[in-house]
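Colleague:
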Amino acid sequence: MSQVSSFEILSLIKGKWEVIDVVDNKAKAIGEAEHHLKEGLFSAVEVIEERYDEETGESHSFVVFNKVRVIRKTKEQYIGKERRKGKEWRGDPKKYGREQREKSLKGKKRRSATRAEQTIRGTLILLILLFLGIIGLTYIVENLDR
418 MSQVSSFEIL SLIKGKWEVI DVVDNKAKAI GEAEHHLKEG LFSAVEVIEE
468 RYDEETGESH SFVVFNKVRV IRKTKEQYIG KERRKGKEWR GDPKKYGREQ
518 REKSLKGKKR RSATRAEQTI RGTLILLILL FLGIIGLTYI VENLDR
């Protein structure tokens, strides 16, 4: 049973896997894949071993090496929750949150209250005044009798 092995080096370019090279040696294929990844041209590299059986005509493929380059973000690229995990947030979380709110509200109009909200606020204020008035009257009436 004679099997022929070849190693395909694939790279991820704009979301698609493309074959860069085909090599017969496993160590050479992995070394070349790591080299391409270190160059920074590709975001991911993969080496696939293809075994072809000449007698039966069957082929099998196995992933031998698969690595993704980790792209580090700069401080300015982090937003939201990601940014809060940084050193600035740990130093003074209240100050950091306040600055973010001020930046987000800068140049924007404040939302005005709706008609229903105004009605509820007015009703609550009138009820509080009525309650305080009743308490005041009872106090005055009790003091007049003495």
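Residue numbering for the sequence shown is 418 to 563, as defined by my numbering.
No residue lacks a Cβ here, since even glycine has one placed at the ideal position from N, Cα and C.
(1) So the beta strand (DSSP E) Val485 belongs to, where does it begin and stop?
(2) To the nearest whole angstrom, what separates the beta carbons of Ser428 and His452, a pair I think is in contact under 8 Å?
(3) Which of the three DSSP states is assigned to Leu429 in this structure?
(4) Just curious, the alpha helix (DSSP H) that Ala444 is in, first and last residue?
(5) Around the C-beta of Ala446, are 16 or more other C-beta atoms found within 10 angstroms, so that it is buried, or is it exposed?
(6) If we count the other Cβ atoms within 10 Å of its Cβ and call it buried at 16 or more, is Ala444 buried or exposed?
(7) My guess is that Ser423 and Asp441 are in contact by the Cβ rule of under 8 Å, so how many angstroms apart are they, rounded?
(8) For the beta strand (DSSP E) containing Val472, list its first residue and its last residue.
(9) For Ala461, which residues does DSSP report across the bridge?
(10) When you compare only the Cα positions, how much space is there between Ile430 and His477?
(11) Going straight from the alpha carbon of Ile465 to that of Arg528, what length do you get?
(12) According to DSSP, what are the bridge partners of Gln420?
Modeller: On the basis of the data shown:
(1) By one-based count along the sequence shown, residue 485 stands at place 68. First-last of the beta strand (DSSP E) with Val485: Ser476 to Val485.
(2) For the purposes of this step, residue 428 is identified with residue 11 of the sequence shown, where counting begins at 1. For the purposes of this step, residue 452 is identified with residue 35 of the sequence shown, where counting begins at 1. With a Cβ gap of about 12 Å, Ser428 and His452 do not count as contacting.
(3) As a position in the sequence shown, residue 429 is number 12, starting the count at 1. Reduced to three states, the DSSP call for Leu429 is strand.
(4) Your numbering for residue 444 matches position 27 in the sequence shown. Residues Lys443 to Glu456.
(5) Looking up residue 446 in the sequence shown gives position 29. Buried: at least 16 other Cβ atoms inside 10 Å.
(6) Taking the first residue of the sequence shown as position 1, residue 444 is located at position 27. With fewer than 16 other Cβ atoms within 10 Å, it is exposed.
(7) Translated into positions along the sequence shown, residue 423 becomes position 6. Translated into positions along the sequence shown, residue 441 becomes position 24. About 6 Å separates the two Cβ atoms, so the contact holds.
(8) Position 55 of the sequence shown holds residue 472. A small fix is needed here, since residue 472 is Glu in this sequence, not Val. Premise fails: Glu472 is in no beta strand (DSSP E) and is neither H nor E.
(9) What you label residue 461 is simply residue 44 of the sequence shown in a count that begins at 1. In DSSP, Ala461 forms a bridge with Val485.
(10) Locating residue 430 in the sequence shown gives position 13, where the first residue counts as 1. Locating residue 477 in the sequence shown gives position 60, where the first residue counts as 1. If I take the Cα positions, the gap works out to 25 Å.
(11) Here residue 465 refers to the residue found at position 48 when the sequence shown is read from its first residue. Here residue 528 refers to the residue found at position 111 when the sequence shown is read from its first residue. Rounded to the nearest angstrom, the two C-alpha atoms are 58 Å apart.
(12) Counting from 1 along the sequence shown, the entry for residue 420 is found at position 3. Bridge partners of Gln420: Asp470.
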